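There are 2 protein chains.
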Amino acid sequence: MAKHDPDLSLLFHALADPTRRSILTRLAETPARVTDLAGPTGLRLPTVMRHLSVLEEAGLITTSKDGRIRTCAIVPEALDPVRTWLDEQRAIWEARLDRLDAFVMKVMKESEE
Amino acid sequence: MAKHDPDLSLLFHALADPTRRSILTRLAETPARVTDLAGPTGLRLPTVMRHLSVLEEAGLITTSKDGRIRTCAIVPEALDPVRTWLDEQRAIWEARLDRLDAFVMKVMKESEE
DNA sequence: ATCATGCTTAGCCATGTCGCTAACTATCGC
DNA sequence: GCGATAGTTAGCGACATGGCTAAGCATGAT
Numbered sequence: 015m016a017k018h019d020p021d022l023s024l025l026f027h028a029l030a031d032p033t034r035r036s037i038l039t040r041l042a043e044t045p046a047r048v049t050d051l052a053g054p055t056g057l058r059l060p061t062v063m064r065h066l067s068v069l070e071e072a073g074l075i076t077t078s079k080d081g082r083i084r085t086c087a088i089v090p091e092a093l094d095p096v097r098t099w100l101d102e103q104r105a106i107w108e109a110r111l112d113r114l115d116a117f118v119m120k121v122m123k124e125s126e127e
Numbered sequence: 015m016a017k018h019d020p021d022l023s024l025l026f027h028a029l030a031d032p033t034r035r036s037i038l039t040r041l042a043e044t045p046a047r048v049t050d051l052a053g054p055t056g057l058r059l060p061t062v063m064r065h066l067s068v069l070e071e072a073g074l075i076t077t078s079k080d081g082r083i084r085t086c087a088i089v090p091e092a093l094d095p096v097r098t099w100l101d102e103q104r105a106i107w108e109a110r111l112d113r114l115d116a117f118v119m120k121v122m123k124e125s126e127e
């Protein structure tokens, strides 16, 4: 409801990049090291690191370091706000369609008279 | 499934801006003119025009011009790909949790033996 | 015909994004 | 300790984004 919703903006922005989405999908299978994630993308490590920090700041993944290895994992509930927003929108949009329906019905009924 | 999914990127990017989201929510109530949309935002017309064209290129709204007035309206089904993607992700994530469950069960069973 | 209205275009500025390389730190295996 | 491995930091360049002003164009009202 808040006018300023940094959370949603961060989430949507994080999801707006194909590389980040593919990293997410990869992580959905199983947690992985940074290098493992970099492999399929064909990108350099620092670039991947950057994507990971965007994902982490959006709350979509968590990372932890063990020795020299950083392991990344998804945060399943992180997508909830997105889902909620979508549901809200759909509710409003459908309400509007219903009203449009009602309007059409009314006009039709009136035209019959 | 496609590695390159410009559609989703456009959609997510369009949704990543609070101004654009508020325009969408406003349009969900009823179609509106460009000036009507600019009002609440406190932004100048050219700036709003820009946001509108981003929304339109993402397929989230349609606009049509009658005389000197451009009317904007939402495209309700435009959010479907987003919803689909979310559902896919959730499916994978849940499958992973199930597998984790199975793994835990297996370990527990083995430890009993 | 003239003027106000509603939108559009062009262009500027500050900042953000996405890729890179190069150099650095920290661990692990020997 | 030494070298290989994993990650990190710093900084660069090209381009995109989000805001603005100023000026233009088309249409509606008088």
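These protein sequence lines map, in sequence, to chains X and B. Under our numbering, the first residue of the first sequence carries the number 15, and numbering increases by one thereafter. Under our numbering, the first residue of the second sequence carries the number 15, and numbering increases by one thereafter. C-beta atoms are modelled at their ideal positions from N, C-alpha and C, and glycine is treated no differently. For clarity, every value in this text was computed on a predicted model and none was experimentally measured.
For residue 25 (chain B), I'd like the list of residues in its chain whose CB is within less than 8 Å of its CB, leaving aside the five on either flank, ordered along the chain. For residue 25 (chain B), where only same-chain residues beyond five positions count, the Cβ hits under 8 Å are 72, 73, 74, 92, 93, 95 and 96.
My output table needs one value for residue 55 (chain X): the three-state DSSP class, helix, strand or coil. helix
Nearest to residue 45 (chain B) (by Cα), restricted to the options B:66, B:29 and B:59: B:66
If we cut at 8 Å on Cβ distances, does residue 65 (chain X) have a partner in chain B? For residue 65 (chain X), the nearest beta carbon of chain B is not closer than 8 Å to its own beta carbon.
Where do the ends of the beta strand (DSSP E) carrying residue 87 (chain B) lie? 83 to 88
C-alpha distance - residue 52 (chain X) paired with residue 81 (chain B), whole-angstrom precision: 53 Å
Reduced DSSP secondary structure (H/G/I, E/B, other) of residue 50 (chain B): helix
Going by DSSP in three states, residue 44 (chain B) sits in which element: helix, strand or coil? coil
Closest Cβ-Cβ distance between residue 106 (chain B) and chain X: below 8 Å? For residue 106 (chain B), the answer is yes, since a Cβ of chain X falls inside 8 Å of its Cβ.
Let me know the secondary structure DSSP gives residue 101 (chain B) once reduced to three states. In the structure shown, residue 101 (chain B) sits in a helix (DSSP, three-state: H, G or I).
Identify, in the order they occur along the chain, each residue of the same chain with its Cβ nearer than 6 Å to the Cβ of residue 48 (chain X), setting aside the five sequence neighbours on each side. 84
Can you tell me whether residue 35 (chain B) is buried or exposed, with buried defined as 16 or more other CB within 10 angstroms of its CB? buried
Can you tell me the Cα-Cα spacing of residue 28 (chain X) and residue 32 (chain B), whole angstroms? 14 Å
Per-residue DSSP class, three states only, for residue 94 (chain B): Residue state, collapsed to three classes: helix.
Output the distance between the C-alpha atoms of residue 69 (chain B) and residue 63 (chain B), rounded to the nearest integer angstrom. Roughly 10 Å separates the two Cα atoms.
Contact defined as beta carbons within less than 8 Å: I believe residue 99 (chain B) pairs with residue 22 (chain B). What is the distance between those atoms, to the nearest angstrom? 6 Å
Could you check if residue 109 (chain X) is buried or exposed, using at least 16 other CB atoms within 10 Å of its CB as the buried criterion? exposed
Taking the alpha carbon of residue 43 (chain X) as the reference point, which residue from X:103, X:77, X:88 and X:104 has its own alpha carbon closest? X:88
Compare the C-beta of residue 85 (chain B) against all C-beta atoms of chain X and say whether one is closer than 8 Å. Not closer than 8 Å to any Cβ of chain X, the Cβ of residue 85 (chain B) fails to qualify, so no.
Return yes when the Cβ of residue 39 (chain X) is within less than 8 Å of the Cβ of residue 106 (chain B), no when it is not. yes
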